[in-house]
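A short worksheet on the structure shown next.
Residue numbers (UniProt numbering): 1 to 433.
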């Protein structure tokens, strides 16, 4: 006879995510926990004292008097209100409560069976997060030197490997130098200065600006994200994760990255019930990379078993080649669109809002197979003749195995039509000994 409360994420003043209870039985517009009110240092407005009453109309015990009101802007999955007034309530169970007057003001319709509410004022659907709420593990911090820490990680991994237990753990390090490198403005160089003379007739194929255009939807190419079904035949619920803490410098990199992706139309604002967390990871060559933690989504996604080439086979095929041309595709997965209507599944949450991908993101379980299928289709007539395509470290690397430079003549048509543009400073033309 019991039911879960309807809980949503509420962003206050554009910065702080808090837990909000939607309560149609609450007769005040909204209320906020006194401790949260103090920690966020929200404005204080004194009012005539009012006695807090329970649902039965009786005074709350022990007697609770409300004498303070505050205000803040709110954002609920894209539904925004610039100034909302809250009663400040001591010992409130939830961070904030949105009551019946708010439901009426925002023209909210609750679908209890589906576990969602529709905000008519903004035409936005919000899902109840209670069922998939992320509960972070209890962590104990201990100060150790780096060598001792890494030794402990290696021991844990060996132990879990011996017991056939998957260790869902990563070790990351980011320095100020990495952050400064990530924030440094990117300067575009003239492809002519990077390309060997043999490639100058195909300069257009190496134009990085063209690589930043949103690719079109293509049948048989778009990335489909098929969610596994439960015992009742319904799709499993996509889990959502927390906001990982970031320093000020990391937040600057995050904001810069989001701005660039929005400018390219690679991502857009979302109202999805899914919300993967994001983090920053150090690049091998320095700098930091924006990453979305899709482990929760990947665990319930039907796997695409399209084969990826074995590196040993590729090496065997090139054994007698005299000339090698290596061409790297810029952000290869971003050449694939997420299938229409499935973008919401890729949603990720940041301090600056909830977003979803329009192109295939890195870290998604089906992305490598989708791109390999695509590139094999583009190069089908030439595979294992004088060209091979393979993925390496989540990046696409087209290794063209060339005996005659004339074999390059097929590149302009194929690469331009397929929207595969290469970055010039990653081209190597080398003769084998």
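Ideal Cβ placement from N, Cα and C applies to all residues, glycine included.
Please read all numbers here as calculations on a predicted model, not as lab measurements.
Excluding its 5 nearest sequence neighbours in each direction, residue 336 has C-beta neighbours in its own chain below 8 Å: 215, 221, 222, 223, 359, 360, 367, 370, 371, 374, listed in chain order. Along the segment 279–321, the beta strand (DSSP E) occurs as fully enclosed runs of 3 or more residues at 288–292, listed in sequence order. Secondary structure at residue 277: coil, using DSSP grouped into helix, strand and coil. According to DSSP, residue pairing for residue 87 in a beta bridge involves 31, 69.
Under the three-state reduction of DSSP, residue 266 is assigned to coil, being neither helix nor strand.
Pairing residue 88 with residue 31 gives a Cβ-Cβ distance under 9 Å.
Here residue 128 really is in contact with residue 7; their C-beta atoms are around 6 Å apart, less than 8 Å. Rounded to whole angstroms, the separation of the alpha carbons of residue 300 and residue 124 is 26 Å. Residue 223 is bridged by DSSP to 338.
Excluding the 5 residues flanking it on each side, residue 65 has same chain C-beta neighbours closer than 8 Å at 49, 50, 51, 52, in chain order. Here residue 99 is buried. Its C-beta has 16 or more other C-beta atoms within 10 Å. Taking 8 Å as the upper bound for CB-CB distance, residue 243 and residue 349 are in contact here, some 6 Å apart. A straight line joining the alpha-carbon of residue 376 with that of residue 355 spans about 31 Å. Assigned with DSSP and collapsed to three states, residue 44 falls in coil, not helix or strand. If you compare the alpha carbons of 23, 362, 317, 351 with that of residue 330, the shortest gap goes to 362.
With respect to residue 12, residue 106 sits apart: the two C-beta atoms are not nearer than 9 Å. Between the C-alpha atoms of residue 342 and residue 228 there is a straight-line separation of about 14 Å.
In this structure, DSSP gives residue 39 a helical state, which the three-state scheme calls helix. Residue 5 has its alpha-carbon roughly 13 Å from the corresponding atom of residue 113. Shown here, residue 53 sits in a strand according to DSSP, grouped into three states. Residue environment analysis places residue 217 among the exposed positions, since fewer than 16 neighbouring C-beta atoms fall within 10 angstroms of its C-beta.
Residue 322 and residue 277 have their C-alpha atoms spaced approximately 47 Å apart.
Close CB contacts of residue 67 within its chain, under the 8 Å cut and outside five residues either way in sequence, are with 46, 47, 48, 49, 50 (chain order).
Residue 283 and residue 120 have their alpha carbons spaced roughly 44 Å apart.
Here the alpha carbons of residue 78 and residue 203 stand approximately 42 Å from one another. For residue 23, the closest C-alpha among the options 378, 96, 314 is that of 96.
If you compare the alpha carbons of 92, 145, 325 with that of residue 198, the shortest gap goes to 325. The beta carbon of residue 83 is closer than 6 Å to those of 71 in its chain, skipping five residues each way along the sequence.
For residue 86, the CB contacts under 6 Å within the same chain, skipping 5 residues up- and downstream, are 30, 31, 32, 70 in chain order. Classified as exposed, residue 269 has fewer than 16 neighbouring CB atoms from the shown chains inside 10 Å of its CB.
Within the same chain, 261, 355, 357 come within 6 Å of residue 267 by CB-CB distance, once the 5 residues on both sides are set aside. Short of 6 Å from the beta carbon of residue 273, and not among the five residues preceding or following it, lie these beta carbons of its own chain, in chain order: 127. Between the alpha carbons of residue 380 and residue 205 lies a gap of roughly 19 Å. Scanning 108, 153, 294, 240 for the CA closest to the CA of residue 275 turns up 240. No Cβ-Cβ contact shorter than 9 Å links residue 21 with residue 109.
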